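S.K.:
Numbering (our numbering), first residue to last: 1304 to 1386.
1) Using the beta-carbon count (16 or more within 10 Å), is residue 1369 buried or exposed?
2) Assuming residue 1349 and residue 1313 make a contact with CB atoms under 8 Å, what is their CB distance in whole Å?
3) Tell me whether residue 1318 is buried or exposed, calling it buried when 16 or more other Cβ atoms sit within 10 Å of its Cβ.
4) Roughly how many angstroms lie between the CA atoms of residue 1342 and residue 1376, to the nearest whole one?
5) Can you have a look at residue 1364 and say buried or exposed, based on whether 16 or more other CB atoms are within 10 angstroms of its CB?
6) Can you have a look at residue 1374 and say buried or exposed, based on whether 16 or more other CB atoms are within 10 angstroms of its CB?
7) Is it the case that the Cβ atoms of residue 1311 and residue 1378 are separated by a distance below 8 Å?
Okay, here's the thing in structure tokens:
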């Protein structure tokens, strides 16, 4: 299924783009993250397990177990602090 990926902050810089349309076999956001990690590029290193990464599905914060649906928008971004 196709999903829309959005990247923010340092993840966007490492990926070299704001987002992409991505064909996935994953059924969850965590599975999608694993596919992106497996690509082995600089962005995948920032998404690696053990790294602090926030995720949102259709603009709602989510976790690894959240199911994916065709056409969904999935955003990845590092934690942020305000002040």
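No residue lacks a Cβ here, since even glycine has one placed at the ideal position from N, Cα and C. As the structure is a prediction and not an experimental result, all values here were calculated from the model.
M.R.: Answer, in terms of the structure:
1) Here residue 1369 refers to the residue found at position 66 of the chain shown. Looking at its Cβ environment, which holds 16 or more other Cβ atoms inside 10 Å, residue 1369 is buried.
2) Against the chain shown, residue 1349 aligns to sequence position 46. Against the chain shown, residue 1313 aligns to sequence position 10. About 6 Å separates the two Cβ atoms, so the contact holds.
3) Locating residue 1318 in the chain shown gives position 15, counting from the first residue. Per the 10 Å Cβ criterion, buried.
4) For the purposes of this step, residue 1342 is identified with residue 39 of the chain shown, where counting begins at 1. For the purposes of this step, residue 1376 is identified with residue 73 of the chain shown, where counting begins at 1. Distance between the alpha carbons of residue 1342 and residue 1376 is about 19 Å.
5) Counted from its first residue, the chain shown places residue 1364 at position 61. Classification for residue 1364: exposed.
6) Residue numbering aside, residue 1374 sits at position 71 when the chain shown is read from its first letter. Residue 1374 comes out exposed.
7) What you label residue 1311 is simply residue 8 of the chain shown in a count that begins at 1. What you label residue 1378 is simply residue 75 of the chain shown in a count that begins at 1. Yes, these two residues count as a Cβ contact at 8 Å.
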